[in-house]
Amino acid sequence: MSSRRRFLSAASLAAAGLALAPLAACSRDAPAPQASTPASTAPRPTTAAGGLTTRAIPATGETVPVIGAGTSGSYEIALDSPDFARLQDTIRVFFEGGATLFDTSPNYTNADEVLGALLAAGGWRDRCFLATKIAADDRPTMEAQWTESQRRLQTDHVELLQIHNLRALDIAWPYAQQLKEAGATKYIGLTHYLESGHAALVEAMRRLRPDFVQVNYSVNAPQAARTVLPVAQELGIAVLINRAFDDGKLFARVSDTVLPDWAEAVGVTSWSQMFLKFAISHPAVTAVIPATGRPDRQADQLRAGTGPLLSEAQQAELVAQFA
Numbered sequence: 138m139s140s141r142r143r144f145l146s147a148a149s150l151a152a153a154g155l156a157l158a159p160l161a162a163c164s165r166d167a168p169a170p171q172a173s174t175p176a177s178t179a180p181r182p183t184t185a186a187g188g189l190t191t192r193a194i195p196a197t198g199e200t201v202p203v204i205g206a207g208t209s210g211s212y213e214i215a216l217d218s219p220d221f222a223r224l225q226d227t228i229r230v231f232f233e234g235g236a237t238l239f240d241t242s243p244n245y246t247n248a249d250e251v252l253g254a255l256l257a258a259g260g261w262r263d264r265c266f267l268a269t270k271i272a273a274d275d276r277p278t279m280e281a282q283w284t285e286s287q288r289r290l291q292t293d294h295v296e297l298l299q300i301h302n303l304r305a306l307d308i309a310w311p312y313a314q315q316l317k318e319a320g321a322t323k324y325i326g327l328t329h330y331l332e333s334g335h336a337a338l339v340e341a342m343r344r345l346r347p348d349f350v351q352v353n354y355s356v357n358a359p360q361a362a363r364t365v366l367p368v369a370q371e372l373g374i375a376v377l378i379n380r381a382f383d384d385g386k387l388f389a390r391v392s393d394t395v396l397p398d399w400a401e402a403v404g405v406t407s408w409s410q411m412f413l414k415f416a417i418s419h420p421a422v423t424a425v426i427p428a429t430g431r432p433d434r435q436a437d438q439l440r441a442g443t444g445p446l447l448s449e450a451q452q453a454e455l456v457a458q459f460a
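Be aware that the sequence shown starts at 138, since it is given in the working numbering, and climbs by one per residue.
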């Protein structure tokens, strides 16, 4: 190992130890169980088709693969465009690779319509763990939005319905509960995408006890490891991770940077895989949901869900490197 690597390994725990203190349960050799119950009795991760690691949803014990997908940007395309044909190949790689979880939102222009068309055309709906959101300010608009989401997604139910960025929470949460009771969704949850929203998200988690939360977490924004993720473990709440690539900004930072010396030992061959594997290496995380519209990038992302996870020291080294 180079002297630079020795320095990073020694310094990283001091630089990032507070952020990564909850990660002590991680192991390089095997995924750590999600702590929805005491660690000794929590369900252990299993393996899905394609070798993807899966994690249990604490509310039910149902498992989902740790690599999912989002639709923001990549799925906001014209239905009659070459991009749609490329997305057909991308989503085929996703499902045939063993992944199941898609996260979308009515706020992402026409992404719901595109995803619904892709699921219908490929016959993928029955294999999809479909998550969407409520993102409106009053009950009539929410009801109209949900009706439109069903039309665009070509389904009468979703697996997960989330309150987008805690928007109009006092109105949206009772509505989501009613939809869950009616069988329109199996799980309900809360989302945010900024560190500035973590405190409000934690307060809502303790007060409402959602099935899921969704939060930003990445090598250059690891604050959720101090705020949201420990509370999710404590309360038994599943966690989806957004912005693992910091909206693509992280790739500019590594354009001429080689992977760490230990990357091969954990099965990582690209920075995309490294950033995703960092996110899923926290034991509170259920799945990460990067978006891509390219089949080759989809295949690359799925590889992050196989093989060993990162040790606490490896995660801390990354946080120090991107601080």
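For every residue, glycine included, the Cβ atom is placed at its ideal position computed from N, Cα and C.
Mark residue 195 as exposed unless 16 or more other C-beta atoms lie within 10 angstroms of its C-beta, in which case mark it buried. The residue you call residue 195 lines up with position 58 of the sequence shown. By the neighbour-count rule (16 or more Cβ atoms within 10 Å), residue 195 is buried.
Using the Cα positions of residue 190 and residue 421, report the straight-line distance between them to the nearest angstrom. If you number the sequence shown from 1, residue 190 lands on position 53. If you number the sequence shown from 1, residue 421 lands on position 284. Approximately 14 angstroms, taken between the alpha carbons.
Which of helix, strand or coil DSSP assigns to residue 423: In the sequence shown, counting from the first residue as 1, residue 423 sits at position 286. DSSP places residue 423 in coil when its eight states are reduced to three.
In the DSSP output, which residue or residues are listed as bridge partners for residue 299? Taking the first residue of the sequence shown as 1, we reach residue 299 at position 162. DSSP, once it has assigned bridges, lists 270 and 326 as partnering residue 299.
Where residue 304 and residue 401 are concerned, what is the direct C-alpha to C-alpha distance, given to the nearest angstrom? Walking along the sequence shown from the start, residue 304 turns up at place 167. Walking along the sequence shown from the start, residue 401 turns up at place 264. Residue 304 and residue 401: Cα-Cα distance of roughly 42 angstroms.
For residue 356 and residue 164, the rounded distance between their alpha carbons: Here the question's residue 164 lines up with position 27 in the sequence shown. Here the question's residue 356 lines up with position 219 in the sequence shown. Note that residue 164 scores 30 on pLDDT, short of 50, meaning its location in the model is unreliable and no value can be drawn from it.
Can you list, in chain order, the residues of its chain with a C-beta nearer than 7 angstroms to that of residue 246? Leave out the 5 residues immediately preceding and following it. Position 109 of the sequence shown, counted from the start, is the residue given in the question as residue 246. 213.
Is residue 436 helix, strand or coil by DSSP? For the purposes of this step, residue 436 is identified with residue 299 of the sequence shown, where counting begins at 1. Residue 436: helix per DSSP, three-state reduction.
Buried or exposed, going by whether 16 or more other CB atoms sit within 10 Å of the CB of residue 393? Here residue 393 refers to the residue found at position 256 when the sequence shown is read from its first residue. Exposed.
Inter-residue spacing [alpha-carbon to alpha-carbon] between residue 454 and residue 399: Translated into positions along the sequence shown, residue 454 becomes position 317. Translated into positions along the sequence shown, residue 399 becomes position 262. Straight-line Cα distance between these residues: approximately 11 angstroms.
In whole angstroms, what separates the C-alpha of residue 151 from that of residue 258? Numbered from 1 along the sequence shown, position 14 holds the residue referred to as residue 151. Numbered from 1 along the sequence shown, position 121 holds the residue referred to as residue 258. At residue 151, the pLDDT of 39 sits below 50, so the modelled position is not reliable; the number obtained from the coordinates is stated separately. When rounded, the distance between both Cα atoms is 51 angstroms.
Buried or exposed for residue 197, please, with buried defined as at least 16 other CB atoms from any protein chain shown within 10 angstroms of its CB. Along the sequence shown, one-based indexing puts residue 197 at 60. Looking at its Cβ environment, which holds fewer than 16 other Cβ atoms inside 10 Å, residue 197 is exposed.
Proximity below 9 angstroms, CB of residue 413 to CB of residue 442: As a first step, residue 413 is located in the sequence shown; it is residue number 276 there, counting from the start. As a first step, residue 442 is located in the sequence shown; it is residue number 305 there, counting from the start. Their beta carbons are under 9 angstroms apart, which means residue 413 touches residue 442 by this criterion.
In whole angstroms, what separates the C-alpha of residue 368 from that of residue 294? Residue numbering aside, residue 368 sits at position 231 when the sequence shown is read from its first letter. Residue numbering aside, residue 294 sits at position 157 when the sequence shown is read from its first letter. Their backbone Cα atoms lie some 29 angstroms apart in a straight line.
Roughly how many whole angstroms lie between the Cα atoms of residue 179 and residue 193? Position 42 of the sequence shown, counting from 1, holds the residue named residue 179. Position 56 of the sequence shown, counting from 1, holds the residue named residue 193. Caution applies to residue 179, whose pLDDT of 39 falls short of 50 and renders its modelled position unreliable; the model cannot decide the point.
Mind checking which residues open and close the alpha helix (DSSP H) that includes residue 343? Translated into positions along the sequence shown, residue 343 becomes position 206. Counting along the chain, the alpha helix (DSSP H) containing residue 343 begins and ends at 335-345.
Please report how far the alpha carbon of residue 206 lies from the alpha carbon of residue 224, in whole angstroms. Here residue 206 refers to the residue found at position 69 of the sequence shown. Here residue 224 refers to the residue found at position 87 of the sequence shown. Going from the Cα of residue 206 to the Cα of residue 224 covers about 12 angstroms.
Measuring alpha carbon to alpha carbon, tell me which of 284, 251, 323 and 429 ends up nearest residue 266. Translated into the one-based positions of the sequence shown, residue 266 becomes position 129. The shortest Cα separation from residue 266 among 284, 251, 323 and 429 belongs to 323.
Residue 339 versus residue 310: straight-line alpha-carbon distance, rounded: Taking the first residue of the sequence shown as position 1, residue 339 is located at position 202. Taking the first residue of the sequence shown as position 1, residue 310 is located at position 173. Those two C-alpha atoms are separated by around 15 angstroms.
On the DSSP bridge assignment, give the partners of residue 355 in chain order. Here residue 355 is taken as the residue at index 218 of the sequence shown, counted from 1. Answer is 358, bridged to residue 355.
Is residue 372 near residue 234, with beta carbons less than 9 angstroms apart? Numbered from its first residue, the sequence shown carries residue 372 at position 235. Numbered from its first residue, the sequence shown carries residue 234 at position 97. No; because the gap between Cβ atoms is not below 9 angstroms, this pair is not in contact.
Kindly identify the DSSP beta-bridge partner or partners of residue 192. The count along the sequence shown starts at 1 and reaches residue 192 at position 55. DSSP output for residue 192 lists 201 as bridge partner(s).
Could I get the ranges of all uninterrupted beta strand (DSSP E) runs contained in the region 200-276, with 3 residues as the minimum, in chain order? 200-202, 238-240 and 266-271
Is the separation between the beta-carbon of residue 229 and that of residue 432 shorter than 9 angstroms? The count along the sequence shown starts at 1 and reaches residue 229 at position 92. The count along the sequence shown starts at 1 and reaches residue 432 at position 295. Against a cut-off of 9 angstroms, the Cβ pair of residue 432 and residue 229 comes out as a contact.
Less than 9 angstroms separating the beta-carbons of residue 348 and residue 290? Counting from one through the sequence shown, the residue named residue 348 turns up at place 211. Counting from one through the sequence shown, the residue named residue 290 turns up at place 153. No, the Cβ-Cβ distance between residue 348 and residue 290 is not below 9 angstroms.
Who are the Cβ neighbours of residue 428 in its own chain at under 8 angstroms, not counting the five residues just before and after it? Along the sequence shown, one-based indexing puts residue 428 at 291. Closer than 8 angstroms at Cβ, skipping near neighbours: 206, 207, 208, 209, 210, 211 and 212.
What separation, rounded to the nearest whole angstrom, lies between the Cα atoms of residue 345 and residue 227? Locating residue 345 in the sequence shown gives position 208, counting from the first residue. Locating residue 227 in the sequence shown gives position 90, counting from the first residue. If you take the alpha carbons of residue 345 and residue 227, they lie about 36 angstroms apart.
6 angstroms Cβ shell around residue 308 - same chain, five flanking residues per side excluded: Your numbering for residue 308 matches position 171 in the sequence shown. Closer than 6 angstroms at Cβ, skipping near neighbours: 276.
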